[in-house]
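So the sequence shown is residues 22 to 298, counted in the numbering used here.
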Amino acid sequence: MAVFQGTFMAQTLNRTVPFVVILPTDKAVPPGMPQRDPGKPYKTLYLLHGIIGSCIDWLYGTRIQRWAEERELAVVMPSGDNSMYLDHAVDRYGAFVGQELVEFTRRTFPLSHRREDTFIGGLSMGGFGAMRNGLKYRDTFGAILSLSGGFVLDEDILTPPENPQFQSESQEFLHAVYGPDLRAALVSDRNPKYLVETMAAAGDKFPDIYMACGEDDFLLQKNLAFHELLDRCGVPHTFELGPGAHEWDFWDTYIKKALDWLPLEDPLAGRSSGNVR
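Here you go:
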């Protein structure tokens, strides 16, 4: 397993951006087991951190390195600041994770260029970003993983609390990430709920979708509401509830479950894990 930490100049953000890449290139193969074709490109997961996080969060908060190596999966983890992974007036974080990061890493590392081999996932803010950009850039991503997704772009943002408990509830933050007209943001492609509704009405093809949330997570009701929206719109998806709150123990457990759900190779079993419905 190789782990690369570096930066590259992102045109969409007008600056250098740190990122981490996990590549299972030096995986030891037990005697008698088939060797992986060295020319075969890797299936890839673009994995997004939560608010106040960075590109190293997943690496140190979970066993993603082990899970990726076992499944011969490349994992790309960028720093997304507190952007909600949306396009802003200057920094276009949506275009960064949905286009430029994918193009750069495909040029630089031995990654598959096929939609069915390319996935996007994240936790909390990253779960929101994965859902929004996985839907917007659906020709690039074949599957979306959202753990404890921060699906807070709904009518509640029009009447934020007077004394917000979190920075993400403040008027300053809401206008900075969603734009000056919050009501307009609700009916734009900044909102994954709007994307679901318009895509379903148009009969568009959806990426495969996996969602999970802890039973004690403060975002549980937001995730249940998004799950119910997918059901109402007839969008096939997997939704799982489990013990836990908004915490790394839950995300470590459920990123493994999410990877088991993805159509990844299992070298020891010699078969695909397939999708769970």
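For glycine and all other residues, C-beta sits at the position ideal for the given N, C-alpha and C.
Run of the beta strand (DSSP E) containing residue i, from where it starts to where it stops
{"i": "residue 164", "result": "164–168"}
{"i": "residue 301", "result": "A question about residue 301 goes unanswered here, because the residues of the chain that appear run from 22 up to 298."}
{"i": "residue 64", "result": "64–69"}
{"i": "residue 239", "result": "Segment: none, residue 239 is in no beta strand (DSSP E) and carries neither H nor E."}
{"i": "residue 82", "result": "Unbroken run through residue 82 is the alpha helix (DSSP H), 78–82; no beta strand (DSSP E)."}
{"i": "residue 261", "result": "259–263"}
Simplified DSSP state of residue i, which is helix, strand or coil
{"i": "residue 274", "result": "helix"}
{"i": "residue 283", "result": "coil"}
{"i": "residue 249", "result": "helix"}
{"i": "residue 36", "result": "strand"}
{"i": "residue 176", "result": "helix"}
{"i": "residue 30", "result": "strand"}
{"i": "residue 23", "result": "strand"}
{"i": "residue 85", "result": "helix"}
Host alpha helix (DSSP H) of residue i (start-end)
{"i": "residue 194", "result": "192–199"}
{"i": "residue 218", "result": "213–223"}
{"i": "residue 149", "result": "146–157"}
Residue burial classification, residue i (beta-carbon count within 10 angstroms, cutoff 16)
{"i": "residue 98", "result": "buried"}
{"i": "residue 165", "result": "buried"}
{"i": "residue 73", "result": "exposed"}
{"i": "residue 198", "result": "buried"}
{"i": "residue 227", "result": "buried"}
{"i": "residue 152", "result": "buried"}
{"i": "residue 54", "result": "exposed"}
{"i": "residue 268", "result": "exposed"}
{"i": "residue 239", "result": "exposed"}
{"i": "residue 101", "result": "buried"}
{"i": "residue 300", "result": "Because the chain here runs from 22 to 298, residue 300 falls outside it and cannot be looked at."}
{"i": "residue 117", "result": "buried"}
Contact with chain D by residue i, beta-carbon distance below 9 Å
{"i": "residue 108", "result": "Looking for chain D here will not work: only one protein chain is present."}
Assumed close pair residue i, residue j - CB separation to whole angstroms, cut-off 8 Å
{"i": "residue 22", "j": "residue 51", "result": "Incorrect: roughly 15 Å between the Cβ atoms, too far for contact."}
{"i": "residue 86", "j": "residue 24", "result": "7 Å"}
{"i": "residue 67", "j": "residue 178", "result": "With a Cβ gap of about 26 Å, residue 67 and residue 178 do not count as contacting."}
{"i": "residue 125", "j": "residue 76", "result": "Not quite, the Cβ-Cβ distance comes to about 14 Å (not below 8 Å), so this is no contact."}
{"i": "residue 305", "j": "residue 83", "result": "Outside the displayed span of the chain (22 to 298) sits residue 305, for which this structure offers no information."}
{"i": "residue 113", "j": "residue 33", "result": "4 Å"}
Q) Fully enclosed by the region 87–139, which alpha helix (DSSP H) runs are 4 residues long or longer? A) 122–129
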